[in-house]
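Novice:
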Amino acid sequence: MAIDRKTVEHVAALARLGLSDEEKDRLARELSGILDHVADLSRWNTDQVEPLYHILPIKNVTRDDAPARSGVRDDVLQHAPKSRPPFFAVPNVLEE
Amino acid sequence: MIPTLTAAEMADRVRSGDLRAAEICEARLAHIREHDPAVRAFVTVMEPEALKAAEEVDLRRKSGVALSPLAGVPIALKDNLCTRGVETTCSSKILKGFIPPYDAAVVERLRAGGSPFLGKTNLDEFAMGSSTENSALFLTRNPHDPDRVPGGSSGGSACAVAADFAPLALGSDTGGSIRQPAAFCGVVGLKPTYGRVSRYGLIAFASSLDQIGPFARTARDAALLLDAIAGPDPRDSTCLPDPPPAFAQALDRPFEKIRVGLPKEYFGEGLTGPVTSALDRLKSELKDLGCELKDVSLPHTSCAIPVYYLIAPAEASSNLARYDGVQYGLRVETKDLIQQYFKTRSEGFGREVKRRIMLGTFALSSGYYDAYYLKALKVRRLIYEDFMKAFADVDVLLTPTTPTPAFRFGEKVADPLQMYLSDIFTISANLAGLPAISFPCGFDGALPIGAQLIGPALSEGRLLRIVHEYQKNSDWHLRRPRLARRDASRVGTAA
Amino acid sequence: MSAYEPVVGLEVHVQLKTASKLFCACPLEFGQEPNLNTCPVCLGLPGVLPVLNGRAVELAMRAALALNCRISEFFKFDRKNYFYPDLPKAYQISQYDLPLALDGFLEIQTNGHSRRIGIERVHMEEDAGKLVHAEPGHGVPPGTSFVDYNRVGAPLIEIVSRPEIAGPAEAHAYLDALKQIVRYIGVSDCDMEKGSLRCDANVSLRPAGSGKLGVKAELKNLNSFKFVEKALEVEIDRQAGVLESGGRVVQETRGYDAAKNITYSQRSKEEAHDYRYFPEPDLPGFAVSMQDIERARAALPELPAVRRARFEASYGLPAYDAAVLTAESATADYFEAVVRTGADAKKASNFIMTELLRDLKSAGLAADRSPVRPEHLADLLQIVASGEISGKISKDVFPIMFQTGKPPKEVIREHGLSLISDASSLAAPIAEVLKENPKAIEDFKSGKQAAIGFLVGQVMKKTRGQADPGLVAQELRKKIGQA
Ligand SMILES: [Mg+2]
Ligand SMILES: [Zn+2]
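Protein chains in written order, with our numbering: chain X, 28 to 123; chain Y, 29 to 523; chain B, 86 to 568.
(1) Please tell me whether S91/Y and G142/Y are closer than 8 Å, where the distance is taken between their beta carbons.
(2) Beta-carbon within less than 7 Å of P171/Y's beta-carbon, same chain only, minus the 5 sequence neighbours each way: which residues are those?
(3) From I242/B, P248/B, E192/B, H208/B, pick the residue whose C-alpha is nearest to that of K261/B; which is it?
(4) Assign R10/X to one of two classes, buried (16 or more other C-beta atoms within 10 Å of its C-beta) or exposed (fewer than that).
(5) So which residues of chain X does D359/B contact, with C-beta pairs closer than 8 Å?
(6) Would L146/Y and T202/Y qualify as a contact pair, given that the criterion is a beta-carbon distance under 8 Å?
(7) So within the stretch 318-404 of chain Y, which uninterrupted beta strand (DSSP E) runs reach at least 3 residues, ignoring any that extend past its ends?
(8) With a threshold of 16 other CB atoms inside 10 Å of the CB of T489/B, please say whether the residue is buried or exposed.
(9) Mind checking the stretch 67-95 of chain X against chain Y and listing, in chain order, the residues whose C-beta falls within less than 8 Å of any C-beta there?
(10) Between which two residues does the alpha helix (DSSP H) carrying R169/Y extend?
(11) Closest by CA to H208/B, which one among A175/B, V97/B, Y234/B, T338/B?
(12) Under the three-state reduction of DSSP, which class applies to D51/B: helix, strand or coil?
(13) Along the chain, where does the alpha helix (DSSP H) containing A66/Y start, and where does it finish?
(14) Would a C-beta distance cut-off of 8 Å place P195/Y and V101/Y closer than the cut-off?
(15) Less than 8 Å between the CB atoms is what I'm expecting for P514/B and V544/B, so what's the real figure, rounded?
(16) By the 10 Å Cβ neighbour count, where 16 or more other Cβ atoms means buried, how is K546/B classified, buried or exposed?
(17) Is L33/Y close to chain X, meaning its C-beta is less than 8 Å from at least one C-beta of that chain?
(18) Is the shortest distance between the beta-carbon of T72/Y and the beta-carbons of chain X less than 8 Å?
(19) So, with DSSP's three-state summary, where would you put N72/X?
(20) Along the stretch 368-381 of chain Y, where does the CB come closer than 7 Å to a CB of chain X? Name the residues.
(21) Is C124/B near ligand 2, judged by its Cβ being under 7 Å from some heavy atom?
(22) Using C-beta distances below 6 Å, list every residue in its chain close to L47/Y, excluding the 5 sequence neighbours before and after it, in chain order.
(23) Tell me, please, whether the CB atom of K174/B is closer than 8 Å to any CB atom in chain Y?
(24) Report yes if the CB atom of I505/B is closer than 8 Å to the CB atom of T548/B, and no otherwise.
(25) List the residues of chain Y that F115/X touches, going by C-beta distances under 8 Å, in chain order.
(26) Within 10 Å of its beta-carbon, does A151/B have 16 or more other beta-carbons around it, so buried, or fewer, so exposed?
(27) Rounded to whole angstroms, how far is the Cβ of A232/Y from the Cβ of L68/X, which I believe are closer than 8 Å?
(28) Is it right to say Y337/Y is buried, meaning 16 or more other beta carbons lie within 10 angstroms of its own, or is it exposed?
(29) Is I204/B helix, strand or coil when you go by DSSP?
(30) Helix, strand or coil: how does DSSP classify A244/Y here?
(31) Under a CB-based cut-off of 8 Å, is N166/B close to chain Y?
(32) Which ranges would you report for the alpha helix (DSSP H) in the stretch 245-319 of chain B if only whole runs of at least 4 residues count?
(33) For K33/X, would you say it is in contact with chain Y, using Cβ-to-Cβ distances shorter than 8 Å as the test?
(34) How would you write the range of the alpha helix (DSSP H) that H461/B sits in, first residue to last?
(35) From A258/B to L183/B, what distance separates their C-alpha atoms?
(36) Since I believe L290/B is in contact with P135/B (beta carbons under 8 Å), could you give me their beta-carbon distance rounded to a whole number of angstroms?
The structure is reproduced here in structure tokens:
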């Protein structure tokens with residue numbers, strides 16, 4: 028299928044990716060090419076096929092409810108791009 | 029001379045006291061200092077850490093403590109494996125300055141076993157690529173031909189072993205990222221069964237496909253490394269609970285007759301002449317070793333690339349959403365948060381990563397999920413079933429690892445689809461969760477050619493056993509590149 | 086308003102009472118220092134993986150069964166993708182197309198009759214963190230928010246009702262019933278102040294009697310049951326106004342301003358949310374066997390409605406008593422422990438409803454933490470029954486028991502509260518009363534029987550109620566006869 032610029036902009040907004048005009052045009056072209064290749068899959072009838080979510084034959088993997096403190100907080104805060112210990116700091120979400 | 033020792037030999041000599049671990053480590057570091065400027069396998073060389081770990085092994089030996097099988101054998105780590113206290117970049121600008129407060133499970137095990145870590149190796153950004161050209165940091169050169177790519181995404185790790193910087197290296201394989209560079213660099217690369225090795229601490233690309241595996245020169249060394257890293261881990265819910273067999277030990281068992289399947293879809297057009305003839309020769313050599321060859325078919329092989337290029341980007345689009353400049357890595361400061369997301373991710377990610385995030389986001393988005401992502405999950409089952417049917421008749425499958433030997437820099441970067449197609453023979457094993465190994469089986473001039481064996485789930489032992497038997501009767505794996513001592517900045521720049 | 090009827094559906098998030106988070110070992114403690122209870126997993130650092138808390142599955146299953154749901158034979162987790170700074174991975178691990186449980190109902194009481202509200206699904210998911218908006222000054226650059234991830238990854242169940250709730254009052258009743266059951270089975274504290282219960286409401290109007298649903302508004306983050314009711318009231322009025330003036334209701338998210346008692350649009354300028362759900366590849370699925378379900382069902386305690394009915398039937402309690410006593414399982418357990426010793430059920434009920442619950446309430450305790458042990462309360466009732474102390478005195482004894490935790494006998498002895506039941510110790514106060522009240526004696530002698538009552542009262546006063554009133558009357562008659 029052909030991807031137009033509007034679709035590229037919509038998808039980029041979902042993915043929070045800032046794109047230049049040049050990037051948008053190039054991605055529209057490239058994604059269209061890849062999706063054309065992918066369209067091959069429609070040749071195969073999969074009406075009766077269960078989607079394969081997990082390749083492994085394992086199920087019901089759980090752990091015990093045993094609490095333990097990691098002690099990584101200060102280390103992580105120290106390397107954070109911006110923090111005001113004991114908090115991480117972010118610019119305000121502009122109210123829309 | 030130390031460089032020609034295998035990991036197994038190094039380990040034996042450290043244990044017996046013939047060589048000190050620190051001597052081995054120093055020699056490797058000196059070799060890296062001399063030749064890595066031309067190859068550029070390493071993003072970070074961990075000289076002090078490696079020497080300290082080696083010295084500890086020597087101390088342990090002196091005090092009579094029993095050493096683990098790989099104690100004192102230096103190793104290189106792909107830079108998408110988290111290392112406590114050492115920057116882990118995924119060769120991306122967005123992770124610049126990220127210092128993990130924890131070790132990946134495999135790193136933790138190796139550290140405990142006394143492996144000195146020589147450094148972190150270059151890769152395609154977030155392991156997305158087939159040539160290491162997508163590294164945001166620099167290009168890595170194929171030691172066999174500096175004008176050619178080392179393959180990818182684990183290009184740095186493959187080079188580290190090929191150039192004798194390290195006898196062992198770890199890589200990760202999502203669609204061929206261990207096997208393809210192993211083939212291009214003339215070394216052994218193994219992708220284990222999905223779930224064989226804990227992914228905890230491997231920076232995720234596509235969670236349902238990623239697996240960590242060894243690079244080595246010999247099957248025995250690969251087996252030793254797999255022994256060290258395989259096995260259950262309570263921190264990875266997709267890690268199999270079964271304790272693994274002792275892979276290295278099993279190599280010396282008598283070689284039973286093995287039925288080798290030749291999937292016709294892997295021997296069609298697109299193979300270069302030298303690859304075809306190397307594989308033909310290999311087939312007859314395997315027959316000489318007592319293998320039985322059989323033609324088989326995997327009818328959904330042509331679906332592998334489309335399925336992969338929907339599933340992997342979809343998972344990646346979600347896995348890479350966390351890089352938003354809030355808790356770690358790059359942040360481009362702006363007044364409001366939404367702009368910070370857009371700017372940080374726009375500046376932090378390279379072209380290929382953006383392309384895949386876009387593709388994956390699209391495949392999951394409302395209105396397209398069923399036609400793309402869900403369809404891919406269904407066809408993934410068909411691909412899996414192809415293998416199950418084939419393994420009813422044969423024990424392993426033999427294929428070329430790649431259609432061609434290493435290509436030149438820039439040859440495929442312009443056309444993503446062409447680049448994707450270079451993984452055509454390796455991707456199916458990831459989609460089906462199967463173990464697969466690439467090993468050198470010939471040369472095209474200076475360029476190594478790799479063959480791939482794919483086995484049923486948990487058959488790593490059998491794959492290693494076959495390669496081991498083959499290596500006892502061949503010497504392709506012993507051919508070393510002639511390393512130039514020159515500045516890598518001569519040709520090209522990073523993508 | 087009569088032309089339209091409201092249709093309400095509630096989405097309630099309840100935090101499960103586990104010791105650690107849903108996918109990592111971080112402790113869950115309310116009011117902890119910011120970000121202390123975080124680890125690489127819940128901070129979403131690169132390379133980490135989730136591992137499911139088995140206890141959370143158990144509790145979630147228990148809640149689903151108590152809400153009469155069908156537990157899925159197979160359930161899995163999915164990723165819900167969206168960007169927000171309180172969500173470190175930029176996706177929430179939740180459940181989409183194969184949730185834990187489906188198709189239940191909750192019995193609610195409104196206006197004295199009971200009604201079933203359908204429950205569409207119960208699914209498990211992880212909580213997000215908390216954004217703290219900076220107070221100005223303190224050297225904080227303006228426009229900065231702080232993030233605390235202590236709560237991120239806390240185990241939640243989301244309980245989604247069918248749009249079958251008829252209005253604000255029924256919504257309140259639904260929440261009361263839900264909270265009661267969930268607390269009863271020990272799955273959550275349901276404390277809205279601590280955020281362990283949160284509620285969103287969907288509301289739409291349709292022409293009265295119509296089967297079709299109208300366009301709904303989603304009211305977010307209503308932080309008390311009262312506010313849910315009030316927000317629904319004003320939102321219903323608002324929508325009715327829109328419809329009656331010929332307008333159209335827009336599908337949107339709205340907030341509730343309690344101070345102004347209005348709802349307001351929170352519609353974002355961005356494109357509609359597209360969460361891009363897909364199966365969580367890091368977590369294998371979960372298969373539930375019939376045995377698992379039966380085991381969980383067997384482990385369920387008696388639910389409040391059943392217990393209430395049983396209290397009426399087997400203890401002969403009035404409906405009101407049964408409802409009060411079974412409102413919380415700890416109270417009901419306490420009552421049954423008292424009655425088990427042979428105490429009279431109605432007397433025990435009266436005492437618990439008045440004395441015990443009052444003191445527990447002011448101490449902020451549940452009945453299972455009562456300083457007065459059930460057997461001590463039973464002893465006290467027994468002592469009253471035997472006539473050793475009066476019912477009135479028992480109400481003086483009880484608060485001391487509550488304060489000290491001592492058995493009633495000890496309290497009565499230490500405080501000299503037992504009935505004066507030998508005539509000799511009554512001689513002095515009776516003599517005094519007779520001396521002080523010659524008029525009453527005359528009245529009595531002249532045939533006014535009521536005067537004896539007055540004199541008994543005076544003696545009781547002098548003995549601070551400790552005298553046996555029967556004995557006092559008998560002694561008074563004797564003394565007056567002698568005089
Ligand atoms: Mg929810
Ligand atoms: Zn945690």
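Backbone N, C-alpha and C fix where the C-beta goes; we use that ideal spot for every residue, glycine too.
Specialist: Let me spell this out:
(1) Sequence index remark: in the second sequence, residue 91/Y carries index 63 (1-based). Sequence index remark: in the second sequence, residue 142/Y carries index 114 (1-based). No, Cβ-Cβ distance for S91/Y and G142/Y is not below 8 Å.
(2) By one-based count along the second sequence, residue 171/Y stands at place 143. Cβ neighbours of P171/Y beyond the five flanking positions: V67, C187, A190, A191, C213, P509, L511.
(3) Along the third sequence, one-based indexing puts residue 261/B at 176. Reading off the sequence, residue 261/B comes out as Asp, not Lys. Nearest Cα to D261/B within the set I242/B, P248/B, E192/B, H208/B: E192/B.
(4) Lying before the first or after the last residue shown, residue 10/X is absent from chain X, which here runs from 28 to 123.
(5) Within the third sequence, numbered from 1, the residue matching residue 359/B stands at position 274. Chain X residues near D359/B: L41.
(6) Here residue 146/Y refers to the residue found at position 118 when the second sequence is read from its first residue. Here residue 202/Y refers to the residue found at position 174 when the second sequence is read from its first residue. For L146/Y and T202/Y, no; Cβs fall outside 8 Å.
(7) With a minimum length of 3 residues, the continuous beta strand (DSSP E) runs that stay inside the stretch 318-404 of chain Y are 320-324.
(8) Taking the first residue of the third sequence as 1, we reach residue 489/B at position 404. Exposed.
(9) When C-beta distances to chain Y are compared with 8 Å, the residues of the stretch 67-95 of chain X below that value are D67, L68, S69, W71, T73, V76, E77, P78, L79, Y80, H81, I82, L83, I85, V88, R90, in chain order.
(10) Taking the second sequence and counting its residues from 1, one reaches residue 169/Y at position 141. Careful: R169/Y lies outside any alpha helix (DSSP H) and carries neither H nor E.
(11) Numbered from its first residue, the third sequence carries residue 208/B at position 123. Measuring C-alpha to C-alpha distances from H208/B to each of A175/B, V97/B, Y234/B, T338/B identifies V97/B as the nearest.
(12) A query on residue 51/B cannot be resolved here, the shown segment of chain B reaching from 86 to 568 and no further.
(13) Numbered from its first residue, the second sequence carries residue 66/Y at position 38. For A66/Y, the uninterrupted alpha helix (DSSP H) run begins and ends at 49-67, by DSSP.
(14) As a first step, residue 195/Y is located in the second sequence; it is residue number 167 there, counting from the start. As a first step, residue 101/Y is located in the second sequence; it is residue number 73 there, counting from the start. Pairing P195/Y with V101/Y gives a Cβ-Cβ distance under 8 Å.
(15) Here residue 514/B is taken as the residue at index 429 of the third sequence, counted from 1. Here residue 544/B is taken as the residue at index 459 of the third sequence, counted from 1. Right, the Cβ-Cβ distance comes to about 5 Å (below 8 Å), so this counts as a contact.
(16) Taking the third sequence and counting its residues from 1, one reaches residue 546/B at position 461. Exposed, since its Cβ has fewer than 16 Cβ neighbours within 10 Å.
(17) For this step, residue 33/Y is matched to residue 5 along the second sequence. It does not: the Cβ of L33/Y has no partner Cβ on chain X nearer than 8 Å.
(18) Residue numbering aside, residue 72/Y sits at position 44 when the second sequence is read from its first letter. Output row for T72/Y: interface = no.
(19) Here residue 72/X is taken as the residue at index 45 of the first sequence, counted from 1. Of the three classes helix, strand and coil, the one that applies to N72/X here is coil, per DSSP.
(20) For the stretch 368-381 of chain Y, residues whose beta-carbon sits nearer than 7 Å to a beta-carbon of chain X comprise Q368, Y369, F370, K371, R373, S374.
(21) Against the third sequence, residue 124/B aligns to sequence position 39. Shortest gap from the CB of C124/B to any heavy atom of ligand 2: under 7 Å.
(22) Counting from one through the second sequence, the residue named residue 47/Y turns up at place 19. R41.
(23) Here residue 174/B is taken as the residue at index 89 of the third sequence, counted from 1. Chain Y contact via Cβ: present.
(24) Your numbering for residue 505/B matches position 420 in the third sequence. Your numbering for residue 548/B matches position 463 in the third sequence. Yes, these two residues count as a Cβ contact at 8 Å.
(25) Position 88 of the first sequence holds residue 115/X. Those are V354, Q355, listed as they occur along chain Y.
(26) Indexing the third sequence from 1 puts residue 151/B at position 66. When all chains shown are included, A151/B counts as buried.
(27) Numbered from its first residue, the second sequence carries residue 232/Y at position 204. Numbered from its first residue, the first sequence carries residue 68/X at position 41. Actually they are not in contact, since the Cβ atoms of A232/Y and L68/X sit about 25 Å apart, beyond 8 Å.
(28) Here residue 337/Y refers to the residue found at position 309 of the second sequence. Classification for Y337/Y: buried.
(29) Translated into the one-based positions of the third sequence, residue 204/B becomes position 119. If DSSP states are grouped into helix, strand and coil, I204/B belongs with the strands.
(30) Position 216 of the second sequence, counted from the start, is the residue given in the question as residue 244/Y. In the structure shown, A244/Y adopts extended strand secondary structure according to DSSP, grouped into three states.
(31) Locating residue 166/B in the third sequence gives position 81, where the first residue counts as 1. It does; some Cβ of chain Y falls within 8 Å.
(32) 253-269, all fully within the stretch 245-319 of chain B.
(33) Along the first sequence, read from residue 1 onward, the residue named residue 33/X stands at position 6. Not an interface residue.
(34) The residue you call residue 461/B lines up with position 376 of the third sequence. H461/B -> alpha helix (DSSP H) spans 459-470.
(35) On the third sequence, position 173 is the one that residue 258/B refers to. On the third sequence, position 98 is the one that residue 183/B refers to. Straight across, the Cα-Cα distance linking A258/B with L183/B is about 29 Å.
(36) Taking the first residue of the third sequence as 1, we reach residue 135/B at position 50. Taking the first residue of the third sequence as 1, we reach residue 290/B at position 205. Taking the Cβ atoms as the reference, P135/B lies roughly 41 Å from L290/B, outside the contact range of under 8 Å.
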